[in-house]
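Below: the structure, in structure tokens.
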Amino acid sequence: MKTGLLVAGLLAAFAGQAQDSELASYLTQHQVTVSKKDNRLIQEPTLSNFIDNQMNGKTLFVLGEGNHNLNINKQMLGLLQKHFASRGLAYCFLEDGRSSCLMGENLGAIPQQDAKQYSPYKAAPAPMAALIKAGQYNRYSSYEYVGIDYERPWAFYPAVSSLLANLDRKTMLDLYETLPELKHSNPKEDPESFKAFYQNLQSQFIEKSPKLKVLLSNDDYEDLRYLVSNPNVSLPTENRDRYLAANIMEEIKPSEQGSTYLLATGFSHASTGINGSLVQRLGYSKELKDRILVMNVYCDSCAVDKQGLSDYGVMTGETLDQFRNAAASDLVVFDLSSLPSKYNNIKQHGDLLLFAKKQD
36 MKTGLLVAGL
46 LAAFAGQAQD
56 SELASYLTQH
66 QVTVSKKDNR
76 LIQEPTLSNF
86 IDNQMNGKTL
96 FVLGEGNHNL
106 NINKQMLGLL
116 QKHFASRGLA
126 YCFLEDGRSS
136 CLMGENLGAI
146 PQQDAKQYSP
156 YKAAPAPMAA
166 LIKAGQYNRY
176 SSYEYVGIDY
186 ERPWAFYPAV
196 SSLLANLDRK
206 TMLDLYETLP
216 ELKHSNPKED
226 PESFKAFYQN
236 LQSQFIEKSP
246 KLKVLLSNDD
256 YEDLRYLVSN
266 PNVSLPTENR
276 DRYLAANIME
286 EIKPSEQGST
296 YLLATGFSHA
306 STGINGSLVQ
316 RLGYSKELKD
326 RILVMNVYCD
336 SCAVDKQGLS
346 DYGVMTGETL
356 DQFRNAAASD
366 LVVFDLSSLP
376 SKYNNIKQHG
386 DLLLFAKKQD
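My numbering puts the sequence shown at residues 36 to 395.
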């Protein structure tokens, strides 16, 4: 498993500093406790001030998830959204497709009790779905969710269907003549076939754009254009970092000076120590050079669906005992940004480390 291998390399790096008193002392002095109430993270002033001090001129905060399904990731992302919403947050980038985020927008527009029963509910990205379930999603908040990854058929088709739902039968038939492959496509088709279909749909949309403008409302037309116009389409089996980076840079505009951005992505994409990683590529850009803050997430003794996460990088080893021993509580953020240069093999995996001893 790719993530397990990557984290194994990180653990090997940690092992070189086993029983290092200098490292243990540093960790003890450079951390902040993350408080919880009723198993939910609390945005206390101490943590907010800590994040503000760490950002200090930076514009992109990256949350590197040790595993996408960990509850601690969803809770921390929610806390970060609340924190940055009052600090010029423009976009929350998610490792999902554009259509997934549109489905989340649609679900966020209907009553909570109905959203839970809505058939395409699972198509919404997990962070958006969690807020909708809790009745905390604000469709008209000051920032937008943006999907930067490849399209998932199970989200793409419901998203397109939702844009066509208000058309009468004759108009729908006209539209199918305009986009003939849409009615024949199979949501369960293999990724390569779907990518070919998607790229064909792009060319058809451009060719038939004048007719589509007549058939659809302005809002639905723009949403459909956005869904089918992603130039950076990848396959799930490809190294997706360059596609993810290109999609982010398409959204970040020079006119948005003063804006901040939030990105939730996997560990392998969030490590500057991995050649060609998403964060490394973004760091080469003029807009984000020296303006990225990375916090990776590591959880000790965590499980998802009652399955242990050892294959996904649960922390083990003598050096990691120092993290456990240094942690002032079950959940802390370690500041690794000022580590001496001899610890660069640790530092390269993130400026900050959200360390959880367990997951409730």
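Yeah, the Cβ is synthetic: ideal placement off N, Cα and C, and Gly gets one too.
Cα-Cα separation, residue i to residue j
{"i": "Y153", "j": "S134", "result": "At Y153 the pLDDT is 47, less than 50, meaning the model places this residue with poor confidence; the figure from the coordinates comes in the next sentence. Approximately 16 Å between the Cα atoms of the pair."}
{"i": "R326", "j": "H118", "result": "18 Å"}
{"i": "A59", "j": "V97", "result": "25 Å"}
{"i": "Q234", "j": "R359", "result": "49 Å"}
{"i": "D276", "j": "K205", "result": "43 Å"}
{"i": "A164", "j": "L137", "result": "12 Å"}
{"i": "N84", "j": "N91", "result": "11 Å"}
{"i": "K246", "j": "S306", "result": "46 Å"}
{"i": "V332", "j": "V368", "result": "9 Å"}
{"i": "L76", "j": "D131", "result": "24 Å"}
{"i": "K243", "j": "N201", "result": "20 Å"}
{"i": "L328", "j": "H103", "result": "19 Å"}
{"i": "I86", "j": "L366", "result": "15 Å"}
{"i": "D255", "j": "A361", "result": "53 Å"}
{"i": "M330", "j": "L387", "result": "4 Å"}
{"i": "G293", "j": "S56", "result": "41 Å"}
{"i": "L95", "j": "K109", "result": "18 Å"}
{"i": "P399", "j": "L114", "result": "Nothing in the structure corresponds to residue 399, since the chain is present only between 36 and 395."}
{"i": "P188", "j": "L323", "result": "32 Å"}
{"i": "K151", "j": "M111", "result": "Only weak support is given to the placement of K151: the predicted model assigns it a pLDDT of 48, under 50, and the value that follows is read from those uncertain coordinates. About 23 Å."}
{"i": "N265", "j": "F302", "result": "24 Å"}
{"i": "P127", "j": "G311", "result": "For clarity, residue 127 is Cys in the given sequence; the question names Pro instead. Roughly 22 Å separates the two Cα atoms."}
{"i": "D73", "j": "L129", "result": "27 Å"}
{"i": "Y61", "j": "N379", "result": "14 Å"}
{"i": "I381", "j": "Q78", "result": "27 Å"}
{"i": "Q357", "j": "L298", "result": "29 Å"}
{"i": "Y180", "j": "D203", "result": "31 Å"}
{"i": "N88", "j": "A190", "result": "38 Å"}
Secondary structure of residue i, DSSP reduced to three states
{"i": "I77", "result": "coil"}
{"i": "D325", "result": "coil"}
{"i": "Y156", "result": "Reliability fails at Y156, whose pLDDT of 49 lies under 50, so the model's placement of it is uncertain and no value is given."}
{"i": "T206", "result": "helix"}
{"i": "K243", "result": "coil"}
{"i": "K288", "result": "coil"}
{"i": "E273", "result": "coil"}
{"i": "A120", "result": "helix"}
{"i": "Q237", "result": "helix"}
{"i": "K403", "result": "A query on residue 403 cannot be resolved here, the shown segment of the chain reaching from 36 to 395 and no further."}
{"i": "V249", "result": "helix"}
{"i": "A299", "result": "strand"}
{"i": "Y192", "result": "helix"}
{"i": "P146", "result": "Any reading at P146 is ruled out, since the residue's pLDDT is 49, under 50, leaving its predicted position unreliable."}
{"i": "G139", "result": "helix"}
{"i": "A47", "result": "Low confidence applies here, because A47 scores a pLDDT of 49, under 50, leaving its location unreliable and the question unanswered by this model."}
{"i": "A280", "result": "helix"}
{"i": "Y61", "result": "helix"}
Contact belief for residue i with residue j at Cβ below 8 Å, rounded distance in angstroms
{"i": "E100", "j": "T300", "result": "7 Å"}
{"i": "N282", "j": "I183", "result": "4 Å"}
{"i": "D335", "j": "K248", "result": "In fact, because the Cβ distance is near 55 Å, the residues do not count as touching under 8 Å."}
{"i": "A159", "j": "G139", "result": "4 Å"}
Nearest neighbour of residue i, chosen from the options [CA to CA]
{"i": "N106", "options": "L270, N91, A161", "result": "A161"}
{"i": "S177", "options": "A200, Y192, K71, S121", "result": "S121"}
{"i": "L259", "options": "V195, D335, E322, N102", "result": "V195"}
{"i": "Q116", "options": "H65, N265, P80, L166", "result": "L166"}
{"i": "H304", "options": "K288, L262, A280", "result": "A280"}
{"i": "I241", "options": "Y261, S228, E227, T81", "result": "Y261"}
{"i": "Y192", "options": "H384, M330, L82, L236", "result": "L236"}
{"i": "I309", "options": "G385, K392, I86", "result": "G385"}
{"i": "H65", "options": "L124, A363, K392", "result": "A363"}
{"i": "L198", "options": "S228, T68, L251, W189", "result": "L251"}
{"i": "S320", "options": "E257, K288, L297", "result": "K288"}
{"i": "K93", "options": "G123, K72, D73", "result": "G123"}
{"i": "K230", "options": "M207, V263, D203", "result": "V263"}
Proximity test, residue i beta-carbon vs the ligand FAD heavy atom, cut-off 7 Å
{"i": "C136", "result": "The ligand FAD is not part of this structure, which contains no ligands at all."}
Min CB distance residue i to chain C below 8 Å
{"i": "L247", "result": "Protein chain content of the structure displayed is limited to a single chain, and chain C is not contained in it."}
Taking one C-beta from the stretch 363-378 and one from the stretch 310-326 each time, how about it: are there three or more such pairs within less than 8 Å?
-> no
Are three or more beta carbon pairs between the stretch 254-272 and the stretch 176-193 nearer than 8 Å?
-> Contact between the stretch 254-272 and the stretch 176-193 is present: 3 or more CB-CB pairs across the two stretches fall below 8 Å.
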